[in-house]
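In my numbering, the protein residues as written are 1 to 624. Note that beta-carbon positions come from the ideal geometry of N, C-alpha and C, so glycine has one too. From a predicted model like this one, the values you see are computed outputs, not experimental measurements.
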């Protein structure tokens, strides 16, 4: 290569991700070994694992189309796009490269070629940048996530319970005496809390404050059993729960300690002493304000704080999966308090019921656009006269949720619609009809209500309905096949940056609907994988993890799809944040012109991962 071209190549690379992140001396070394190749329209490059010399290709100008050996589209590429990562394996990497493919010039194309051997040799001197050139898309996406946000700035309330809670906790049998319990708490296993078990079941807790107030202050005989003075039926948290969730439970139920439980075993305790004042964040204060609001009008005044928290979480580099959980907790709090206040106005409910949420709310993936998806499950002994109470209650609740910033569902999947406010037996009949004959409208209905989460009332009604659903799906193997075919019917936008797969009509012309063509596809994939192994969890990420734990998904595939989901979600959040900052109404439509080299590169990796998972689902489930 002529040295007269070197400054021009270096200038070009400074605008291409990930070369723009390299130190100048590293960039110059890479630019110095670049070869230049010109392809006429229709010329192609064939890739295979046994080729003698491999290159990383950068498109300087023109356009390329990649297809797998079976002719299926792999990607469409344009200026600044890079390909050839698949064969950049490190020494000792036992994994197989991605399927062989061909790359065809769709128009006259100028390519920069970096020999793999020379690139790897240069990167040995710059190991901190090697992950940007990893053969696996999941590693490259993870490096992108590290650029977009940092775990160091999440703060205490965005950590997991396991990171904060004490692993020192006294566990005692219910028949143990008060004196023996106190001895264990102070001498044997020093801990301010004792968890009381009856066999393998946690039945209560006892704190040092309880001992002082309930035993010493009242002169209770210390030889009596601890079960007589303990706090029964304690709330518990899991090690992977957010500290924010635990703190919210403490405030809601006015408790000072929560046992940390994993697989039925007590592994620690989280107390208010772990939650010092200096670590408090705005979201905790908002939940507390919501819980103690005395009127519906007060709740409406708190709505702007929700948007402020959403913006702060994004700007504070908090992970997208945590943002969704925090915003869901806030939405839960609004919904519960509105239900409580409406009940106070109307009087106590005439029969048992549970209020369930669906959609992104049920999945704990709430964002700036999340609307209401909810329903009421009534006990079967409800009378016709009593049903009027719940109709009025639902209308009021949905109206006030809308006033608090959670818009009414455009598809009318709300408890205020009579169809979605029904006795348990009717709901069971709905699920039976949908599962056994999933025509389009019925498939749409069951898709909405395949993930529901009870947030108020008698949760046993919801649990019974979910058990009925899983029983139906277990008996009806064809349902999973039909759902899988529907899942793969919409393809990710592999060619978006070449003006493919864009909205063609209306105000959103020539934009990408990132919800329809990316995020919904991943949610659908999680639904398929999890249902195949009988998972009743609702969250997208926890469904993928459950599928992995039960052998339905490989570790490699799990890392791929989780990384893709988090990156695309982050792009969506950033787009919504920009709209909010401008005082505009946020949406899911993004112009490809808004993406730089960084976003384009990693979105293409993410879209290809989605397509590969769709291919796997089609082969495994849709052929039945």
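In the structure shown, residue 213 falls within a helical segment according to DSSP collapsed to helix, strand and coil. Note on the stretch 101-130: whole beta strand (DSSP E) runs with a minimum of 3 residues are 101-105 and 109-115, in chain order. When the beta-carbon positions are compared, residue 577 and residue 314 come within less than 7 angstroms of each other. The Cβ atoms of residue 606 and residue 564 lie closer than 7 angstroms to each other.
By the Cβ criterion, the stretch 463-477 is in contact with the stretch 524-538, since at least three pairs of Cβ atoms, one from each stretch, lie closer than 8 angstroms. The beta carbon of residue 586 is closer than 7 angstroms to those of 368, 369, 576, 579 and 580 in its chain, skipping five residues each way along the sequence. In this structure, 178 is the residue among 312, 178, 199 and 266 with its C-alpha nearest to the C-alpha of residue 228. Taking C-beta separations shorter than 7 angstroms and ignoring five residues to either side along the sequence, the partners of residue 436 in its chain run 476, following chain order. Assigned with DSSP and collapsed to three states, residue 416 falls in coil, not helix or strand. The alpha-carbon separation between residue 74 and residue 493 amounts to approximately 11 angstroms. Taken atom to atom, the span from the alpha-carbon of residue 236 to that of residue 491 is near 42 angstroms. The continuous stretches of alpha helix (DSSP H) do not include residue 169, and DSSP gives it neither H nor E.
If you look at residue 422, you'll find it in the beta strand (DSSP E) that goes 421-423. Our two residues, residue 460 and residue 375, have alpha carbons roughly 15 angstroms apart in a direct line.
Excluding five sequence positions before and after residue 596, the CB atoms of its chain that fall closer than 8 angstroms to its own CB belong to 17, given in chain order. Contact between residue 572 and residue 514 holds, with the beta-carbon distance rounding to 5 angstroms and staying under 8 angstroms. Within the stretch 338-413, the runs of beta strand (DSSP E) at least 3 residues long that lie entirely inside it are, in chain order, 353-358 and 374-378. Residue 194 and residue 238 have their C-alpha atoms roughly 17 angstroms apart.
For residue 77, the enclosing beta strand (DSSP E) has its first and last residue at 73-77.
With a 10 Å radius around the Cβ and a threshold of 16 neighbouring Cβ atoms, residue 438 comes out buried. Boundaries of the alpha helix (DSSP H) harbouring residue 601: 597-620, taken from the DSSP string. Within the stretch 527-565, the complete alpha helix (DSSP H) segments of 4 residues or longer fall at 540-549, listed in chain order. In chain order, 82 and 112 place their CB closer than 6 angstroms to the CB of residue 58, counting only its own chain and leaving out the 5 sequence neighbours on each side.
Pairwise C-beta distances place the stretch 427-436 out of contact with the stretch 399-408, as fewer than three of them are shorter than 8 angstroms.
Spanning the alpha carbons of residue 268 and residue 167 requires a straight line of approximately 4 angstroms. Counted as a single uninterrupted DSSP element, the alpha helix (DSSP H) harbouring residue 479 occupies residues 477-487.
Restricting attention to 547, 416, 372 and 403, the CA atom closest to the CA of residue 388 is found in 416. In the DSSP annotation of this structure, the continuous segment of the alpha helix (DSSP H) that includes residue 299 starts and ends at 296-315. For residue 589, the three-state secondary structure derived from DSSP is strand. Annotation for residue 539: 363, 364 and 365 place their beta carbon closer than 8 angstroms to its own, counting only its chain and skipping 5 residues before and after. Following the DSSP letters along the chain, one finds residue 455 inside the beta strand (DSSP E) bounded by residues 452-457. Nearest to residue 601 by alpha-carbon distance, out of 176, 163 and 19, is 19. Spanning the alpha carbons of residue 455 and residue 310 requires a straight line of approximately 22 angstroms. Going by C-alpha positions, residue 284 is about 14 angstroms away from residue 159. Exclusion of the five residues before and after residue 402 leaves 408 as the residues of its chain whose Cβ lies within less than 6 angstroms of its Cβ.
If you ignore the 5 residues before and after residue 609, its C-beta comes within less than 7 angstroms of the C-beta of 137, 560, 561 and 564, all in its own chain and listed in chain order.
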